Structure formats: structure tokens, C-alpha cells
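First the structure, in the form of C-alpha cells, and then the observations on it.
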Amino acid sequence: RPDQVKVVAVSKTKPVSLLREVYDAGHRCFGENYVQEIVEKAPQLPEDIEWHFIGHLQSNKVKTLINGVPNLAMVETVDDEKIANHLDRAVGNLGRKPLKVLVQVNTSGEETKSGVEPSGCLELAKHVIENCRNLEFSGLMTIGNIDYTSTPENFKIEMGSTIVRIGSTIFGAREYP
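Structure representation (C-alpha cells):
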């Protein structure tokens, strides 16, 4: 249902001033790919922003992410039990409410993409639900074929997406150093 779709404004590589403009226009949900970038941006922006971490998460960066972003609302990229366990422990150590997580599933079959194989997604979801009391399993994040990552948002919604990431349409094309 389109009225239940959350838009995550993906702001990777964009300056805080641009995020502030989007915030001032009324948007409250932002996503970042890199731990260092979200940890640097979050304290400079209002606390009512709902931050989503959307990049590949390494276990050695979990504490930095959890400690550095008090208003982190979701991690969309849990792809193995080790990461789930690290997140669970870090959230528990801070005494926070459970953190929403999505299990990332590589449905494209591309070896260069992160995510659990489709055959292992139920087992990982079950692990989060049964063993990670500081995490709230909130669904799946699937990685489709490259041809579908830039498809129009209405197509993604028609296919059942309830969280849609939009970057360049909101912020303009990415600038590479």
C-alpha cells in the first residue's frame, strides 16, 4: 500500500547543509552508507531525524555506529548472525529500546553484493527474533539485479517495497572525488 511506504533520503557524500535543506522542507528520514559519515552528520542535525544505516556493516564498526548515532532508527543490512549479535550486544549495553533491523538478502546472485543467500534468510531472521532481544526484526531488504536498482520508485512500490531509498532525485547526482 503506497500510504504505508517510507522514503529514505539517501544522502551519502552530500554536505550537512543540503540535508538541512531537505529537513527544513519537512523530510525526517535519512540514510547513510558509511559509518564514519553517519557518525559525523548525525550530531550536526536535529534529533528528530530517523537515521537508517544502509551500507555494509563490519563488526568492528558496530559500537561506533550505535554509540555515535543516538537516533539511529534502523539498520537495513544485517547479513549474518555475527553482525546481529554485535548489534544486539551494543544496543543492550546502552540500555536503548530495541533497534529495528532488516535482514539483507542477495536475490541477484551477484558475488560482489552483500547479503545472505535466499536459502539462509529464514534462519537468520529466526536467529534475530529468538536470540537478539535488543533487536526488532522488521523484514527483509533485498538486493535485486543491477537493472532494477535505478527503476522508478512507483515500480518498487508496486513490487511490494515498503521502504524506498531515493538519493539523486532528492540531492542531485553523486560527486566522486
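Going by my numbering, the letters in the sequence shown line up with residues 511 to 687, in that order. Beta carbons are placed, not taken as given, at the ideal position from N, Cα and C, and that holds for glycine. Being a predicted model, the structure only gives us computed values, none of them experimental.
- Residues 613, 647 and 650 of the same chain have their beta carbon placed closer than 8 angstroms to that of residue 635, with the five preceding and five following residues left out of the count.
- With fewer than 16 neighbouring CB atoms inside 10 Å of its own CB, residue 535 falls in the exposed class.
- Spatial neighbours of residue 555 in its own chain (CB-CB distance under 7 angstroms, excluding positions within 5 residues in sequence) are listed in chain order as 526, 529, 530 and 533.
- If you draw a straight line from the Cα of residue 576 to the Cα of residue 514, it comes to about 27 angstroms.
- A contact is defined here as three or more CB-CB pairs under 8 angstroms, and the region 586-598 meets this definition with respect to the region 621-638.
- In the same chain as residue 602, and ignoring 5 residues on each side of it, the C-beta atoms closer than 8 angstroms to its own belong to 643 and 644, in chain order.
- Taking C-beta atoms as the reference points, residue 552 and residue 579 count as a pair closer than 7 angstroms.
- Straight-line measurement puts the Cα of residue 596 at about 6 angstroms from the Cα of residue 569.
- A distance below 7 angstroms separates the beta carbons of residue 564 and residue 586.
- Around the CB of residue 607, fewer than 16 other CB atoms lie within 10 Å, so the residue is classed as exposed.
- In the three-state reduction of the DSSP assignment, residue 581 falls in the coil class, being assigned neither a helical nor a strand state.
- Closest by C-alpha distance to residue 581, out of 541, 629 and 627, is 541.
- For residue 524 and residue 629, the gap between their C-alpha atoms comes out near 36 angstroms.
- Each residue's CA atom was taken as its position, placing residue 521 and residue 641 some 32 angstroms apart.
- If you draw a straight line from the Cα of residue 626 to the Cα of residue 557, it comes to about 32 angstroms.
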